[in-house]
Amino acid sequence: MLKVLRTAGPAPLRPAESLDDLPEIARRAEMTGLAVELSCEELGDVSAGAQLTIGAVVREALDNAARHAGPTSATVRVSRSDGALVVEIADGGPVDGWRPHPGAGRGLDGLRERLDALGGALTAGRRGHGWSVVAAIPEDS
113 MLKVLRTAGP APLRPAESLD DLPEIARRAE MTGLAVELSC EELGDVSAGA QLTIGAVVRE
173 ALDNAARHAG PTSATVRVSR SDGALVVEIA DGGPVDGWRP HPGAGRGLDG LRERLDALGG
233 ALTAGRRGHG WSVVAAIPED S
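So this is what it looks like as structure tokens:
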């Protein structure tokens, strides 16, 4: 981000992500060694903002799994529940001998702030041997 802010001229533009981009996000994660199982129920109409947030949550959680657990398994589920869009990502935990490669440490905090601003919630923590991230995004985001 700092590189973009410090570069003269306009920032590079790309289309906003949508639910249609989830398979590509999963495919890119698989290129790092993750085995990703993606499940997205029929959601009907979903606002562009909510779709963008879903993509950001999935990308961050899969990036974290690759950095912290190595070539493990991960499941991604997107559904509706109690008036919210729910994104659940869980990994199988670190593979034997894997040495974590931590990032800057602000990704989940940034997503939590984003979801708080939308009236949603993000929780993350240990789940069995692995790690889980669950985001609840209000349908009207």
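Counting from 113, one number per residue, gives the positions in the sequence shown under my numbering.
Each residue gets a CB set at the ideal place from its N, CA and C atoms; glycine is no exception.
Just so you know, these numbers come straight off a predicted model, no measurement behind them.
If Asp249 and Leu227 are in contact, beta carbons under 8 Å, what's the gap, nearest whole angstrom?
It is Ile, not Asp, that sits at residue 249 in the sequence shown. With 8 Å as the limit, Ile249 and Leu227 qualify as a contact, their Cβ atoms being about 7 Å apart.
Cβ neighbours of Leu155 in the same chain (closer than 8 Å, five flanking residues each side left out):
Leu131, Val190, Ser191, Arg192 and Leu197
Inside the segment 146–211 only - alpha helix (DSSP H) runs reaching at least 4 residues:
160–181
Counting only runs that start and end within the segment 210–250, where is the alpha helix (DSSP H) found for 4 or more residues in a row?
219–230
Using only the alpha-carbon positions, how far apart do Val158 and Ala141 sit?
24 Å
Take the Cβ of Arg238 as the centre, count every other Cβ of all protein chains shown within 10 Å, and call the residue buried at 16 or more, exposed below.
exposed
DSSP state of Asp252, grouped into three classes?
coil
Since His213 contacts Arg179 with CB under 8 Å, what's their CB separation in whole angstroms?
5 Å
If you measure between the beta carbons of Ala162 and Glu251, is that distance less than 8 Å?
yes
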